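Reviewing the structure listed below.
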Amino acid sequence: MMAESAAGSKRIVQDGITQEEIIHGGDLDAARAAFPGAPEPWVDLSTGINPWPYPLPPIPADAWARLPGRAAETALREAAAACYSVPSPDRVAAAGGSQALIQILPRLRRPGMVAVLGPTYAEHAAGWAKAGHRVTEVESLERCDADVVVVVNPNNPDGRIVPPETLLALAERQAARDGWLVVDEAFAEVTPECSVTSEAGRPGLVILRSFGKFFGLAGVRLGFLLGEPALVQDLRAAVGPWAVSGPALAVATAALSDSTWIAATRRRLTEAAARFDARLAAAGLRVAGGTSLFRLIDDTQAAGLYNALGRTGVLVRRFDYRRHWLRLGLPADQPTEDRVMVACETFNNR
Numbered sequence: 001m002m003a004e005s006a007a008g009s010k011r012i013v014q015d016g017i018t019q020e021e022i023i024h025g026g027d028l029d030a031a032r033a034a035f036p037g038a039p040e041p042w043v044d045l046s047t048g049i050n051p052w053p054y055p056l057p058p059i060p061a062d063a064w065a066r067l068p069g070r071a072a073e074t075a076l077r078e079a080a081a082a083c084y085s086v087p088s089p090d091r092v093a094a095a096g097g098s099q100a101l102i103q104i105l106p107r108l109r110r111p112g113m114v115a116v117l118g119p120t121y122a123e124h125a126a127g128w129a130k131a132g133h134r135v136t137e138v139e140s141l142e143r144c145d146a147d148v149v150v151v152v153n154p155n156n157p158d159g160r161i162v163p164p165e166t167l168l169a170l171a172e173r174q175a176a177r178d179g180w181l182v183v184d185e186a187f188a189e190v191t192p193e194c195s196v197t198s199e200a201g202r203p204g205l206v207i208l209r210s211f212g213k214f215f216g217l218a219g220v221r222l223g224f225l226l227g228e229p230a231l232v233q234d235l236r237a238a239v240g241p242w243a244v245s246g247p248a249l250a251v252a253t254a255a256l257s258d259s260t261w262i263a264a265t266r267r268r269l270t271e272a273a274a275r276f277d278a279r280l281a282a283a284g285l286r287v288a289g290g291t292s293l294f295r296l297i298d299d300t301q302a303a304g305l306y307n308a309l310g311r312t313g314v315l316v317r318r319f320d321y322r323r324h325w326l327r328l329g330l331p332a333d334q335p336t337e338d339r340v341m342v343a344c345e346t347f348n349n350r
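Those letters in the sequence shown? Residues 1 to 350, per the UniProt record's numbering, in order.
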């Protein structure tokens, strides 16, 4: 199956994409193999996950010993609806991570044309292609003619933001043609002004949210689909019963309900990203974008810097489609930040 190339787009899906491996961040085993002499412990800045996770609340013993109950799942959906300003919990479905939703969602409609606003997270194109859809990457939403349009907002890895009014107008056009606008808001917790979750339930609008990134608890494996109640029911049927573990239900319900921690963490991340930017700039590196969970470096020597960091036991994210880009998550503390900056400064002053 070959994706067609439309005006202003480029062909990104070819026969055999289901066999292609997509490289993600967080693979410390591969990093250790690539840089066997690097010092331990490794510093992993490749994932864009909050380095200051939500403090785990007490987890009831029965959350480990019995199947999750309906009341606990309802409490989670209510907490998510309140946290994300969704009009009603019946517009919220939970699953074992937003990655699971990215793979399941394309199976809930017949194969058609899908446009992904790129460059962005590669799993979206792969997920739709694996389900039999014809996928193109587009550089603009203007004159975008597809059954499904996918927008990551804010974008990974450059932090590009599409204004909410643009998204809502596009969702209205998609609904008129019985299509979808899928908005992946995995990093929107740090930029709530760009979110469209308050409009969840509008025809044609499908929103994905990730729990683990902002709350720093990626191991919980939890994501949400926000949309029309009928689609929410279809998704819940597709993931089946007990889609979220009992401990995850307890942790996430507490975290999503903690508005004080959420507000303080937004401020902390914003301040930390600004400080990190200043140090990166002082080391001669150009910050080209990102969010307060990750920063994007644009440098012609990015490949060399990636290797220099790797040799010092620091893993960052590189991109085959933009070889001058590197994405760095925020260091967790001053010694870690100093270790990163020494490697950057040494490389640039070589």
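Glycine included, each C-beta is placed from N, C-alpha and C at the ideal position.
Note that the structure is a prediction, hence the values are computed from the model and not measured.
Cβ pair residue i, residue j closer than 8 Å
i      : j      : result
Val244 : Phe214 : no
Ser257 : Ala79  : yes
Ala274 : Leu108 : no
Ala218 : Ile49  : yes
Thr74  : Gly329 : no
Asn156 : Thr120 : yes
Gly179 : Gly216 : no
Val43  : Val340 : yes
Where residue i falls: helix, strand or coil (DSSP)
i           : result
Ser210      : strand
Trp242      : coil
Phe294      : strand
residue 393 : Shown here, the chain extends from 1 to 350; a query on residue 393 therefore has no answer.
Leu117      : strand
Val152      : strand
Arg327      : strand
Phe224      : strand
Option nearest residue i by Cα separation, candidates the options
i      : options                           : result
Ile102 : Asp44, Phe224, Ala30 and Leu330   : Phe224
Leu168 : Cys194, Asp234 and Pro157         : Cys194
Glu137 : Arg91, Val150 and Gly26           : Val150
Leu45  : Phe347, Tyr306, Thr346 and Arg322 : Tyr306
Ala95  : Pro241, Phe294, Gly289 and Gly284 : Pro241
Val183 : Ala255, Glu271, Gln174 and Val206 : Val206
Pro55  : Gly284, Ala332 and Val251         : Val251
Close-in-space but distant-in-sequence residues of the same chain around residue i (CB under 8 Å, 5 per side omitted)
i      : result
Pro163 : Cys194
Arg91  : Ala81, Ala200, Gly201, Leu226, Gly227, Glu228, Pro229 and Val232
Thr166 : Leu141
Own chain partners of residue i with C-beta closer than 6 Å, once the 5 adjacent residues on each side are dropped
i      : result
Gly212 : Ala218 and Val220
Gln19  : Here Gln19 scores only 38 on pLDDT, less than 50, and its place in the model is too uncertain to base an answer on.
Asp158 : Gly289 and Leu296
Val287 : Asp277, Leu280 and Arg295
Closer than 7 Å: residue i CB and nearest the ligand NAD heavy atom
i     : result
Glu73 : What this structure holds is no ligand at all, so the ligand NAD is not there to describe.
Cβ of residue i within 8 Å of any chain D Cβ
i      : result
Ile104 : Given the protein chain composition of this structure (a single chain), no chain D is represented.
Close-in-space but distant-in-sequence residues of the same chain around residue i (CB under 7 Å, 5 per side omitted)
i           : result
Thr253      : Ala75, Leu76 and Ala79
Pro154      : Arg160, Ile161, Phe187, Ala188, Thr191, Cys194 and Thr291
His324      : Asp298, Asp299, Thr300 and Ala302
residue 351 : Limits of the chain in this structure are 1 at one end and 350 at the other, which puts residue 351 out of reach.
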